[in-house]
Every structure is written in structure tokens, then in C-alpha cells.
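Sequential numbering from 9 applies to the sequence shown in our numbering.
Here's the structure we're looking at; comments come further down.
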Amino acid sequence: MDKENTYNILFCGVGGQGLMLLSAILGKAAVDSELKVMTGEQHGLSQRQGSIYVHFRMGNPISPLIPYGKADMMIAMEASEALRYIEYLKEDSVVIMSNRIMPSVTETKTVALDKEKKTKYITVEQIMERLNQVTDHVVLLDSLNLALEAGNARTENSVLIGATVACADFPISANIVKKALLALVPSKTVDVNSKAFDLGCNTCSTCLGN
Numbered sequence: 009m010d011k012e013n014t015y016n017i018l019f020c021g022v023g024g025q026g027l028m029l030l031s032a033i034l035g036k037a038a039v040d041s042e043l044k045v046m047t048g049e050q051h052g053l054s055q056r057q058g059s060i061y062v063h064f065r066m067g068n069p070i071s072p073l074i075p076y077g078k079a080d081m082m083i084a085m086e087a088s089e090a091l092r093y094i095e096y097l098k099e100d101s102v103v104i105m106s107n108r109i110m111p112s113v114t115e116t117k118t119v120a121l122d123k124e125k126k127t128k129y130i131t132v133e134q135i136m137e138r139l140n141q142v143t144d145h146v147v148l149l150d151s152l153n154l155a156l157e158a159g160n161a162r163t164e165n166s167v168l169i170g171a172t173v174a175c176a177d178f179p180i181s182a183n184i185v186k187k188a189l190l191a192l193v194p195s196k197t198v199d200v201n202s203k204a205f206d207l208g209c210n211t212c213s214t215c216l217g218n
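Okay, here's the thing in C-alpha cells:
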């Protein structure tokens with residue numbers, strides 16, 4: 009990426025998933041690549057299962073917030089959260105999305121109280137259909153199972169960060185991103201996070217036909 013340009017990533021998910029760690033990893037990787045970084049983070053609802061997001065801009069940003077329709081990439085750690093921020097996507101945006109759906113307490117209550125079972129959660133298929141109306145570049149990952157394959161369910165964020173570097177126009181090299189990841193995770197988890205990163209990268213490469 010030319011340093012005169014800006015690459016925009018919108019992270020979204022729910023509290024407790026490690027979204028801020030994702031931002032920190034890419035922030036370090038960008039700085040190590042001599043790219044300017046600006047972020048805009050929402051902390052107010054970052055309690056467990058509260059909706060959270062991070063605007064992440066690198067290159068030559070003039071504001072920490074991504075304008076509507078200007079996200080080059082969305083990383084959604086929870087599938088339904090991708091729809092909450094769909095207005096930031098453009099025709100050629102890449103969406104890397106976990107297939108996990110974590111209903112909020114309010115939604116759970118609504119379904120539980122529906123004795124006739126008419127209220128249903130949105131499905132991953134419905135989410136994919138809506139996203140595909142905006143962009144054809146949607147990668148759906150079974151991030152939890154990939155994390156379990158790596159050896160620890162808590163490495164889902166490493167799976168997703170690995171997937172980002174599989175995208176052809178991602179402006180930071182895979183080696184630099186992986187080095188930043190392994191520098192920021194606890195030392196005793198380096199091996200499992202390294203494996204999760206590789207699984208995410210390889211799986212996304214296959215999905216994109218790289």
C-alpha cells in the first residue's frame with residue numbers, strides 16, 4: 009500500500025471476544041511496517057456480550073473514524089454484528105466473518121417467552137445473503153472449531169487475524185503480523201496462537217482461491 013493512501017478495517021463483535029487485542033496486534037504490525045495508524049474504539053458496551061467495534065485506519069488517515077461505504081475490510085467475530093455495521097461496506101470490501109452467533113440477553117428473553125415458537129434468531133445463511141447484496145467477497149470461517157483444532161478455544165481472534173493476511177491486497181506482510189501477534193499474547197500460549205494464525209491464513213486462502 010502506498011503511504012499516501014489509507015486502508016480501512018472495521019472490527020466488530022461482542023464483549024469478551026478479544027476484539028481490542030486484534031486491534032492492538034494490527035496496530036503494532038502497522039507501526040513495525042512504518043505505517044501511520046489511527047483508531048476509534050467503543051468501550052461503553054464492552055461488557056460480556058455487549059456490542060463493540062473498532063475503526064482501524066492505516067496509511068494516511070485524517071480522522072480515526074471510517075466514513076460510511078469506505079471500509080476495505082470488515083472482521084466480524086460474531087456473525088450478526090456484521091449486519092449492525094453493514095453501512096460501512098462497499099462493493100469490493102472483504103468481509104472475514106466467524107460463523108458464531110451469540111444472541112444478546114434481550115433476544116434470548118424474547119425467544120424464551122415466545123410460547124408459540126414463532127420468534128427465531130437470524131441465521132448465518134440470512135446474514136450471508138444480506139452481506140452478498142453489498143459485496144461478493146465474504147469469507148465465512150468456523151473460527152471456534154479452527155481454534156479448537158489449534159488447541160485452545162480462546163485463540164479464535166488469532167484465527168481471524170491469520171485470515172486477514174490471506175487477502176491479496178492486505179498492506180502488511182503475514183510475517184510482520186504474525187510476529188506482532190506472538191509478541192502480544194502470553195508467552196505460554198505462543199505455540200497455540202501460532203497454529204491458530206496459520207489455520208486461519210490457510211483456510212481463508214482456500215476460500216479465496218489463492
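Idealized CB from N, CA, C, for every residue including glycine.
The structure displayed is predicted, hence computed values, not measured ones.
Check whether histidine 63 and glycine 48 have beta carbons under 7 Å apart: Inclusion of histidine 63 and glycine 48 in the CB contact set at 7 Å is warranted, their separation being smaller than that value.
Glutamate 164 to serine 181 span [Cα, whole Å]: When the Cα atoms are used, glutamate 164 and serine 181 turn out to be separated by approximately 20 Å.
Beta-carbon proximity of lysine 18 to isoleucine 74, cut-off 7 Å: Checking the sequence shown, residue 18 turns out to be leucine, not lysine. Their beta carbons are under 7 Å apart, which means leucine 18 touches isoleucine 74 by this criterion.
Cβ-Cβ separation, serine 88 to leucine 168 (assumed contact under 8 Å), whole Å: For leucine 168 against serine 88, the beta-carbon gap comes to about 16 Å, at or over 8 Å, which does not count as contact.
Nearest-angstrom Cα separation, counted from asparagine 140 out to lysine 36: Cα to Cα, the separation comes out at about 31 Å.
Own chain, CB closer than 7 Å to glutamate 157, minus 5 neighbours either side, in chain order: These residues qualify, in order along the chain: Leu207.
Assumed close pair valine 200, alanine 171 - CB separation to whole angstroms, cut-off 8 Å: Between alanine 171 and valine 200 the Cβ distance is about 17 Å, and since that is not below 8 Å, they are no contact.
CA nearest to the CA of aspartate 100, picked from Leu91, Met85 and Met81: Nearest of Leu91, Met85 and Met81 to aspartate 100, Cα basis: Met81.
Rounded C-alpha distance that separates valine 22 from arginine 108: Cα-Cα distance, rounded: 11 Å.
Assigned exposure category for lysine 98 - 16 Cβ within 10 Å defines buried: By the 10 Å Cβ count, lysine 98 comes out exposed.
Whole-number beta carbon distance between valine 103 and alanine 84, since they are thought to touch under 8 Å: Rounded to the nearest angstrom, the Cβ distance from alanine 84 to valine 103 is 7 Å, consistent with a contact under 8 Å.
Opposing strand residues paired with leucine 91 [DSSP bridges]: Bridge pairing for leucine 91: absent [DSSP].
6 Å Cβ shell around glutamine 25 - same chain, five flanking residues per side excluded: Contacts found: Met85.
Anticipated Cβ contact below 8 Å, alanine 161 with leucine 152, distance rounded: Right, their Cβ atoms sit about 6 Å apart.
Contact check, cysteine 209 vs valine 173, beta carbons under 7 Å: Yes, the Cβ-Cβ distance between cysteine 209 and valine 173 is below 7 Å.
Cβ neighbours of tyrosine 15 in the same chain (closer than 7 Å, five flanking residues each side left out): In chain order, Met9, Met66, Gly67, Asp80 and Pro179 place their CB closer than 7 Å to the CB of tyrosine 15, counting only its own chain and leaving out the 5 sequence neighbours on each side.
Whole-angstrom distance between cysteine 175 and cysteine 212, CA atom to CA atom: Note on geometry: alpha-carbon atoms of cysteine 212 and cysteine 175 lie some 8 Å from one another.
Residue environment, tyrosine 61, which counts as buried when at least 16 other CB atoms sit within 10 Å: Tyrosine 61 should be labelled buried.
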